[in-house]
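Participant: Okay, here's the structure, questions in a sec.
Number of protein chains: 2
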Amino acid sequence: MIKRGITYDYHGVLSDFIGKEHGLSRDEIISYQSRVNAGHQRLVGERKRGGIGFFELPYREAEAREIKEKAQEIRQGIENCLVLGIGGSSLGGKALRDAIKTPLYNLMPRKMREGTPHLFFAENIDPETISRLLEMLPMEKTLVVVISKSGGTAETMSQFLILYERLKRELGRELSRHLVAITDPEKGALREIARADSLISFDIPGNVGGRFSVLTPVGLFPAALIGIDIETLLEGARAMAGRCDLPDLKSNIAYLNGVIHYHYDMKRGKPLFVLMPYADSLLSLADWCRQLYAESLGKRFDREGREVFCGPTPIRALGTTDQHSQLQLYIEGPFDKVITFLRVEALRGDAEIPNPFSSDNSLSYLANHSLGQLFGFEQRATAHALVENHRPVLTVGVPEINEYTLGQLFYFYELQVAMMGELYGIDAFNQPGVERGKVLTYGLMGRKGYEKYVKEME
Amino acid sequence: MIKRGITYDYHGVLSDFIGKEHGLSRDEIISYQSRVNAGHQRLVGERKRGGIGFFELPYREAEAREIKEKAQEIRQGIENCLVLGIGGSSLGGKALRDAIKTPLYNLMPRKMREGTPHLFFAENIDPETISRLLEMLPMEKTLVVVISKSGGTAETMSQFLILYERLKRELGRELSRHLVAITDPEKGALREIARADSLISFDIPGNVGGRFSVLTPVGLFPAALIGIDIETLLEGARAMAGRCDLPDLKSNIAYLNGVIHYHYDMKRGKPLFVLMPYADSLLSLADWCRQLYAESLGKRFDREGREVFCGPTPIRALGTTDQHSQLQLYIEGPFDKVITFLRVEALRGDAEIPNPFSSDNSLSYLANHSLGQLFGFEQRATAHALVENHRPVLTVGVPEINEYTLGQLFYFYELQVAMMGELYGIDAFNQPGVERGKVLTYGLMGRKGYEKYVKEME
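Going down the list, the sequences are from chains R and U. The first sequence begins at 0 in numbering that gives the first Met the number 0 and counts up one residue at a time. The second sequence begins at 0 in numbering that gives the first Met the number 0 and counts up one residue at a time.
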């Protein structure tokens with residue numbers, strides 16, 4: 000495992016490279032230092048007060064060891080793990096699975112999986128897929144992991160009721176060996192059930208919101224089930240925390256990335272943040288990041304209660320695939336995007352391109368290269384073409400995709416978004432806008448006390 | 000199979016519902032009629048001239064029959080089909096597979112697949128996934144389908160060289176029974192190889208671009224391999240063609256959808272088009288649509304050669320999943336989005352939510368509903384919450400996900416985008432912006448005649 004720090008390259012946003020109209024000067028960036036210092040002080044204060052919990056997660060090493068041991072014990076005889084969870088309860092786990100084990104993991108035969116079970120995330124409640132998924136999973140070889148911070152998420156708890164009933168019917172008292180609950184330590188329907196049934200359970204700390212919970216049991220337990228080294232994951236996060244301990248924009252790459260994105264959104268008319276890994280395995284990380292940006296920064300009111308309707312729109316794209324779908328727009332369309340490449344330096348596998356034809360043809364230039372070389376060249380060429388067309392480009396270099404670098408990336412983006420919340424002057428840790436849809440749904444479902452909402456819809 | 004027309008509901012963009020600041024009046028929409036008529040005339044002219052080929056595809060019924068027969072013959076003894084193709088050469092086929100067979104298809108055991116083979120799309124060249132995929136596919140049971148309009152796409156042809164060499168080494172002369180080429184009828188490296196090796200091959204008509212090619216063998220052949228009824232797919236497309244034959248905005252829902260989106264982008268500051276199916280199976284259709292919008296409408300120059308830098312940014316989202324990721328931003332963030340729901344009326348499977356607990360608890364309201372009901376309620380509640388917050392909402396109703404409705408949807412979006420090209424005054428059928436990245440890559444790969452580009456990058 001290559002244990003090196005990720006790199007951060009912002010040459011592609013400087014006016015020296017993309018021109019003054021769309022580029023930034025170093026002075027422009029550094030001029031944010033005092034606002035960053037103030038934001039940092041406030042965050043440090045909130046942290047001390049216990050208001051923001053994600054800061055402490057990388058240091059819970061003993062808990063990680065416990066989770067790992069428990070996971071190794073529970074997965075004996077298990078072929079399939081089915082995680083019931085949505086949003087912050089699934090995106091971190093998926094990002095971990097896909098990054099470390101590749102998105103092909105569930106298609107791999109047991110031997111390629113080194114004996115660890117399949118790991119499915121039933122996020123949505125689309126009954127067309129849920130009913131087929133249930134058909135595919137024999138209960139006696141399945142572990143169900145139900146994850147809900149509140150313990151009352153409608154989608155997750157509906158799935159839970161279906162799975163609970165089925166486990167009970169098919170396995171009887173064995174049920175409790177096939178069910179793990181991850182929820183609030185005290186409150187909520189799921190915690191009550193876990194208590195009444197003596198289910199194996201893990202806690203989500205009260206001061207950690209869903210989208211910041213990847214380094215709690217929410218992300219760690221599913222990861223540990225498939226053999227991901229969660230202790231090294233925390234070590235990577237600690238490395239990033241150490242690197243970004245001080246607010247100085249010359250050393251704190253998370254804050255620097257936050258400043259550059261904030262500035263482009265609010266001062267330069269570029270509210271679209273494209274995150275484009277050149278790695279199939281990191282596309283789910285971009286999905287995780289998409290929630291982190293959108294829910295944290297999409298806010299109607301600032302902390303003083305003024306209407307701001309702010310929030311950049313995160314977009315996930317994949318290199319090289321989206322060169323054949325979105326690149327035309329990124330290069331020739333409106334100047335409203337900031338594009339971040341995630342570039343992997345050392346690959347965990349490669350393939351040589353042969354030339355199976357005797358005579359030279361127009362494909363011969365491909366031969367005697369590896370796919371990995373072509374992959375890297377395409378990223379370089381695409382970045383160059385964007386810069387030539389005055390499009391801001393940032394590059395995060397990942398020495399190798401592994402637990403150590405992934406831990407850094409999670410913490411890097413969480414810190415960035417926390418600082419951006421300060422710059423926008425909003426609360427990055429709530430999500431008041433989604434409440435209305437929830438109560439309207441309760442009304443339609445006939446939940447007691449919510450009847451009035453049906454009338455409001457008519 | 001339910002053979003009904005899709006529905007189109009635009010109440011959620013009218014000022015009566017979302018207010019004047021962000022809503023439209025019917026008059027505002029109808030005022031585009033003369034521009035639409037002019038655009039329609041030009042498209043009809045181009046069609047007659049043979050310049051735009053996608054218009055004719057729904058009527059190639061004899062070809063569909065041939066493709067179907069050939070697919071049934073070829074798939075004998077085959078367990079895995081691997082499509083090599085990227086962008087327009089994969090997105091249509093993936094949309095078809097996922098819509099008709101659900102995104103779980105490749106995970107299903109053979110019986111649930113009704114004996115048809117797995118269908119993989121190797122789009123990207125990420126060697127970490129390609130090398131694992133190759134490890135998983137025994138060549139003697141694998142059919143490789145290579146798709147490239149030009150016959151020279153670097154990503155696809157690199158994969159092709161690797162697979163060709165491997166098939167040849169493992170199967171010798173049997174190779175030609177495991178390889179199908181889909182490319183230009185006359186030109187390109189792939190066509191030459193197909194000729195020299197007497198490979199089974201299909202033609203992509205010269206006047207049909209990649210992103211409009213789903214109803215050519217590009218989409219039809221992979222679909223037919225897994226038992227999708229491609230004749231009914233064309234029938235659905237013909238139904239939409241008939242319905243949108245005249246340019247009248249009162250009847251032509253594709254043009255109407257184009258006008259509404261164009262107006263929001265160019266006159267009302269809403270350049271973000273969110274396509275949000277409430278159906279796991281339609282998420283890949285949104286990915287297909289994302290290419291169609293971005294490559295067709297993202298253009299630097301209009302047809303008169305003036306710099307316009309136009310193009311809305313398409314965004315794919317999934318209900319209910321993205322209620323827990325993006326909805327906060329859509330409801331409270333900037334007023335820069337138009338959100339289209341794809342809502343499925345009749346589900347192909349459902350599950351009852353039981354109440355396995357003896358006493359009432361805070362989850363009891365879920366019981367005695369089906370997942371499908373909850374799914375539908377959540378869509379309705381979400382749409383309502385958006386409208387209350389003055390966010391433009393469109394709803395496309397899909398009577399059932401099947402070949403007939405999918406054919407309609409493909410043709411609906413193609414027609415819409417063709418009309419939008421007219422409104423923007425740009426060429427919706429080219430993609431000049433991606434050329435630069437290609438030649439820079441050739442340079443880095445050392446291709447003869449492209450050496451100078453390496454110097455330009457330094």
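Ideal Cβ positions, reconstructed from N, Cα and C, are used throughout, including at glycine.
Give me the DSSP bridge partner(s) of R:Ile314.
Facilitator: DSSP output for R:Ile314 lists R:Val273 as bridge partner(s).
Participant: In its own chain, which residues sit with a C-beta less than 7 Å from the C-beta of U:Thr152, not counting the 5 before and 5 after it?
Facilitator: Hits under 7 Å: Ile85.
Participant: From the DSSP secondary-structure annotation, give me the bridge partner or partners of R:Cys459.
Facilitator: With chain R covering 0 to 457 only, the question about residue 459 of chain R has no answer from this structure.
Participant: Please check if any C-beta of chain R sits within less than 8 Å of the C-beta of U:Cys288.
Facilitator: Cβ-Cβ to chain R under 8 Å: no for U:Cys288.
Participant: Please identify the residue among U:Met135, U:Pro126, U:Glu191 whose C-alpha is closest to the C-alpha of R:Lys110.
Facilitator: If we check each option's Cα against that of R:Lys110, U:Met135 comes out closest.
Participant: Residues of chain U with a CB under 7 Å from the CB of R:His383: which are they?
Facilitator: Correct list: Leu439, Met456.
Participant: Classify R:Gly420 as buried or exposed, calling it buried when 16 or more other Cβ atoms lie within 10 Å of its own Cβ.
Facilitator: Buried.
Participant: So within the segment 170 to 214 of chain U, which uninterrupted alpha helix (DSSP H) runs reach at least 4 residues, ignoring any that extend past its ends?
Facilitator: If we require 4 residues or more, the alpha helix (DSSP H) runs fully inside the segment 170 to 214 of chain U come out as 188 to 195.
Participant: Could you name the residues of chain U that R:Cys309 contacts, counting a contact when the two beta carbons are closer than 8 Å?
Facilitator: Going along chain U in sequence order, the residues near R:Cys309 (Cβ under 8 Å) are Gly332, Pro333.
Participant: Label R:Ser30 either buried or exposed according to how many other C-beta atoms from any shown protein chain fall within 10 Å of its C-beta, with 16 as the threshold for buried.
Facilitator: Exposed is the call here.
Participant: Would the beta-carbon of U:Arg96 fall within 8 Å of that of U:Ile225?
Facilitator: Yes, they are a contact pair.
Participant: Among the candidates R:Leu296, R:Ser358, R:Ile352, whose CA atom is the shortest distance from the CA of R:Leu271?
Facilitator: Of R:Leu296, R:Ser358, R:Ile352, the residue nearest in Cα terms is R:Leu296.
Participant: For U:Tyr254 and U:Leu422, what's the separation of their Cα atoms in angstroms?
Facilitator: Cα to Cα, U:Tyr254 sits roughly 10 Å from U:Leu422.
Participant: Using the C-alpha atoms, what's the distance from R:Leu232 back to U:Leu393?
Facilitator: If I take the Cα positions, the gap works out to 43 Å.
Participant: Does the beta carbon of U:Ala417 sit closer than 8 Å to a beta carbon anywhere in chain R?
Facilitator: Cβ-Cβ to chain R under 8 Å: no for U:Ala417.
Participant: With a CB to CB cut of under 8 Å and the five nearest residues on each side skipped, what residues in its chain are close to R:Gln322?
Facilitator: The answer, listed in chain order, is Glu377, Thr381.
Participant: What residue range does the alpha helix (DSSP H) around U:Asn256 cover?
Facilitator: 252 to 266 is the extent of the alpha helix (DSSP H) around U:Asn256.
Participant: Are U:Phe220 and U:Ile181 close, meaning C-beta to C-beta below 8 Å?
Facilitator: Yes.
Participant: Consider the Cβ of U:Thr141: report whether some Cβ of chain R lies at a distance smaller than 8 Å.
Facilitator: No, its Cβ sits nowhere closer than 8 Å to a Cβ of chain R.
Participant: For my contact list, R:Leu6 and R:Gly396 are in at a C-beta cut-off of 8 Å; report their separation, rounded to the angstrom.
Facilitator: The sequence as given places Thr at residue 6 of chain R; Leu does not occur at that position. Right, their Cβ atoms sit about 4 Å apart.
Participant: Per DSSP, what kind of secondary structure is R:Arg446 in: helix, strand or coil?
Facilitator: DSSP places R:Arg446 in coil when its eight states are reduced to three.
Participant: Between U:Glu399 and chain R, is any beta-carbon pair separated by less than 8 Å?
Facilitator: By this cut-off, U:Glu399 is not an interface position.
Participant: Which whole-angstrom value describes the C-beta separation of R:Cys80 and R:Leu42, a residue pair presumed to lie in contact below a C-beta threshold of 8 Å?
Facilitator: Going by Cβ atoms, the distance from R:Cys80 to R:Leu42 rounds to 35 Å, so no, they are not a contact pair.
Participant: Name, in chain order, the residues that DSSP records as bridge partners for R:Ile146.
Facilitator: For R:Ile146, which the question treats as bridged, DSSP gives the partners R:Ile181.
Participant: Considering just the uninterrupted stretch of the beta strand (DSSP E) at U:Asn79, what are its terminal residues?
Facilitator: Its beta strand (DSSP E) spans residues 79 to 83.
Participant: If I measure Cβ to Cβ from U:Glu303 and keep anything under 8 Å in the same chain, skipping five residues before and after, which residues do I get?
Facilitator: If we look at U:Glu303 and ignore the five residues flanking it on each side, its Cβ neighbours are Gly424.
Participant: Any idea what DSSP makes of U:Leu136, helix, strand or coil?
Facilitator: The answer is coil: DSSP assigns U:Leu136 none of H, G, I, E or B.
Participant: Out of R:Tyr364, R:Glu450, R:Val433, state which residue places its alpha-carbon closest to the alpha-carbon of U:Glu450.
Facilitator: The shortest Cα separation from U:Glu450 among R:Tyr364, R:Glu450, R:Val433 belongs to R:Tyr364.
Participant: Is U:Glu344 helix, strand or coil by DSSP?
Facilitator: U:Glu344 falls in the strand class under three-state DSSP.
Participant: Which residues does DSSP list as the beta-bridge partners of R:Lys451?
Facilitator: Partner(s): none; R:Lys451 has no beta bridge.
Participant: Do the segment 142 to 149 of chain U and the segment 169 to 179 of chain U meet, that is, are 3 or more Cβ pairs less than 8 Å apart?
Facilitator: Yes, the segment 142 to 149 of chain U touches the segment 169 to 179 of chain U.
Participant: Give me the chain U residues within the contact set of R:Ser361, using Cβ-Cβ distance strictly less than 7 Å, ordered along the chain.
Facilitator: Result: Gly151, Ala188.
Participant: Taking C-beta pairs closer than 7 Å, name the residues in chain R that U:Tyr263 reaches, listed in chain order.
Facilitator: Result: empty, since nearest Cβ-Cβ is about 14 Å, beyond 7 Å.
Participant: For U:Asp125, collect the residues of the same chain with a Cβ closer than 7 Å to its Cβ; drop the 5 residues on either side in sequence, then sort them by chain order.
Facilitator: Here the set comprises nothing.
Participant: How would you list, in chain order, the residues of chain U whose beta-carbon sits under 7 Å from the beta-carbon of R:Ala380?
Facilitator: Within 7 Å Cβ-Cβ: Gly436, Leu439, Thr440, Leu443.
Participant: Any beta carbon of chain U sitting closer than 8 Å to that of R:Pro137?
Facilitator: For R:Pro137, the answer is no, since every Cβ of chain U falls outside 8 Å of its Cβ.
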